[in-house]
Amino acid sequence: DGDGTSDGQETKEGRDPNVAGPDDKLKSMANFGETGTDTSSQSKTESSLTDAIARNLYTNYSVLKQSGELTPENQAKINEALGVSVEQIIRPKLYVASDLNIATGETPASIKKYGNDVATAIHNNLNANTQDEAVNLTNYLDKKNPADLKKVADSAESYKKMTLALLSVSLPPSVIEEHLFLVNSVNFFGRAVLGMAQIEADPVVALASLNNYPQGAEKIVVAFRGLISYFAGKKITFPEEEAGYIFTKGI
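Numbering (the working numbering) for the sequence shown: 1 to 251.
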């Protein structure tokens with residue numbers, strides 16, 4: 001790293017051979033999983049999660065090898081820390097009831113308005129890209145056309161806007177649980193799509209996010225069915241000309 005001390009000596013002293021001293025203390029196995037922050041706003045000068053994992057994996061491996069402690073148990077710890085690191089970095093914000101716009105009371109009319117408002121928030125943020133994220137990513141990997149990757153990023157932005165729109169909807173107190181699950185499901189899915197869009201900048205995040213993508217889709221389906229059951233239980237139906245008809249028509 002150009003600070004005048006050999007890599008071997010630095011690892012023996014618990015210093016990072018990839019970072020110039022004197023402030024180059026090596027991360028221990030205890031905090032190896034803490035490798036980064038949200039990469040959604042990552043600048044070009046910041047290390048990606050992929051870079052951070054590679055660096056920490058190498059330095060921890062070097063320390064264990066030179067100390068004679070590269071045992072199967074410690075190798076397993078490195079592998080486990082790698083998984084924890086990825087999980088921490090791609091975990092989206094989990095919204096709670098206090099984040100919602102909860103009305104003080106409810107009537108059949110307010111419940112119906114809620115259904116129409118939710119359906120509108122969803123509909124207004126859907127586009128062709130939000131229906132084909134996986135296809136667009138596959139096309140990019142096949143043809144390396146930047147326009148296909150931009151479609152994935154645009155889709156992620158649409159889900160972000162959808163999440164914010166759902167948070168602003170005024171909801172009856174009786175639907176807090178169902179609405180909160182919908183918000184978190186859309187946000188989880190959107191963050192998965194955002195990670196997929198980083199396939200070139202941060203492959204580790206992208207691959208982990210791709211793994212979350214089908215889980216996110218299933219969460220949204222479950223959330224949607226929960227709202228269908230909610231409106232049915234409240235005996236609320238929507239005519240075909242209203243946005244909320246999607247809850248009467250079902251899936």
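All C-beta atoms, glycine included, are put in the ideal place defined by N, C-alpha and C. Just so we're clear, the structure is a prediction, and the values are computed from it rather than from any experiment.
From GLU106, LEU126, VAL186 and PRO146, pick the residue whose C-alpha is nearest to that of ALA197; which is it? Residue mapping note: residue 197 aligns to position 197 of the sequence shown, counting from 1. The candidate whose alpha carbon is nearest that of ALA197 is PRO146.
Can you tell me where the alpha helix (DSSP H) holding SER155 begins and where it ends? Residue numbering aside, residue 155 sits at position 155 when the sequence shown is read from its first letter. That run of the alpha helix (DSSP H) goes 146–168.
Can you grab the Cα-Cα spacing for the pair LEU141 / ILE199, in whole Å? Along the sequence shown, one-based indexing puts residue 141 at 141. Along the sequence shown, one-based indexing puts residue 199 at 199. CA-CA distance, LEU141 to ILE199, rounds to 9 Å.
Test: LEU137 CB closer than 8 Å to a CB of chain C: Judged by its chain identifiers, the structure shown contains no chain C, having just a single protein chain.
Apart from the five residues just before and just after GLU34, which ones in its own chain have a Cβ nearer than 6 Å to its Cβ? Walking along the sequence shown from the start, residue 34 turns up at place 34. Annotation note: pLDDT 35 at GLU34 (below 50); position unreliable, coordinate value reported separately. So the list is empty, once near-sequence residues are dropped.
Do the stretch 105–125 and the stretch 198–213 meet, that is, are 3 or more Cβ pairs less than 8 Å apart? no
What I want to know is whether the C-beta of LYS234 ends up closer than 7 Å to one or more non-hydrogen atoms of the ligand HEM. The model depicted lacks the ligand HEM and carries no ligand whatsoever.
Where does the unbroken alpha helix (DSSP H) through THR120 begin, and where does it stop? Counting from one through the sequence shown, the residue named residue 120 turns up at place 120. Element bounds for THR120: 108–123.
Does GLU127 come out as helix, strand or coil in the three-state DSSP assignment? Counting from 1 along the sequence shown, the entry for residue 127 is found at position 127. In the sequence on display, residue 127 carries Asn and not Glu. Coil, per DSSP.
Check this for me: beta carbons of PHE238 and PHE247, under 8 Å apart or not? To locate residue 238, count along the sequence shown from 1; it is residue 238. To locate residue 247, count along the sequence shown from 1; it is residue 247. Yes, Cβ-Cβ distance for PHE238 and PHE247 is below 8 Å.
Ignore the nearest five residues each way along the sequence and tell me which others in LEU171's own chain have a CB closer than 7 Å to its CB. Working through the sequence shown from its first residue, we reach residue 171 at position 171. LEU100, ASN101, ILE102, ALA103, TYR114 and HIS179.
Sorted by chain position, which residues of the same chain lie with C-beta nearer than 6 Å to VAL221's C-beta, five sequence neighbours on each side aside? Position 221 of the sequence shown, counted from the start, is the residue given in the question as residue 221. Excluding sequence neighbours, VAL221 sits near nothing in its chain.
In terms of residue numbering, what span does the alpha helix (DSSP H) encompassing TYR230 cover? Walking along the sequence shown from the start, residue 230 turns up at place 230. Start and end: 203–233.
Could you tell me whether the Cβ atoms of THR163 and ASN187 are closer together than 8 Å? Residue 163 sits at position 163 when you count from the first residue of the sequence shown. Residue 187 sits at position 187 when you count from the first residue of the sequence shown. Cβ atoms of THR163 and ASN187: closer than 8 Å.
Can you say whether ALA208 is buried or exposed, counting buried as having 16 or more other CB atoms within 10 angstroms of its CB? Position 208 of the sequence shown, counted from the start, is the residue given in the question as residue 208. Around the CB of ALA208, 16 or more other CB atoms lie within 10 Å, so the residue is classed as buried.
Nearest-angstrom Cα separation, counted from TYR230 out to ALA217: Taking the first residue of the sequence shown as 1, we reach residue 217 at position 217. Taking the first residue of the sequence shown as 1, we reach residue 230 at position 230. Going by the C-alpha atoms only, they are around 20 Å apart.
Leaving out five residues before and five after TYR245 in sequence, what residues of the same chain have Cβ atoms less than 8 Å from its Cβ? Taking the sequence shown and counting its residues from 1, one reaches residue 245 at position 245. For TYR245, same chain residues with a beta-carbon under 8 Å away, outside a window of 5 residues either side, are ALA119, PHE238 and PRO239 in chain order.
Mapping the DSSP letters down to three states, classify LEU180 as helix, strand or coil. The residue you call residue 180 lines up with position 180 of the sequence shown. Three-state DSSP puts LEU180 in a helix.
Looking only at its own chain, which residues have a Cβ that is under 8 Å from the Cβ of VAL169, when we skip the five neighbours before and after it? Taking the sequence shown and counting its residues from 1, one reaches residue 169 at position 169. Counting only Cβ-Cβ distances below 8 Å, and skipping sequence neighbours, we find ASN101, TYR114, ASP117, VAL118, ALA121 and HIS179.
For LEU167, which of GLU242, GLU241, TYR95 and ALA243 has the nearest alpha-carbon? In the sequence shown, residue 167 corresponds to position 167, counting from 1. With distances taken between Cα atoms, LEU167 lies closest to TYR95.
ALA243 - containing alpha helix (DSSP H), residue span: For the purposes of this step, residue 243 is taken as the residue at position 243 of the sequence shown. Run containing ALA243: none; DSSP gives neither H nor E here.
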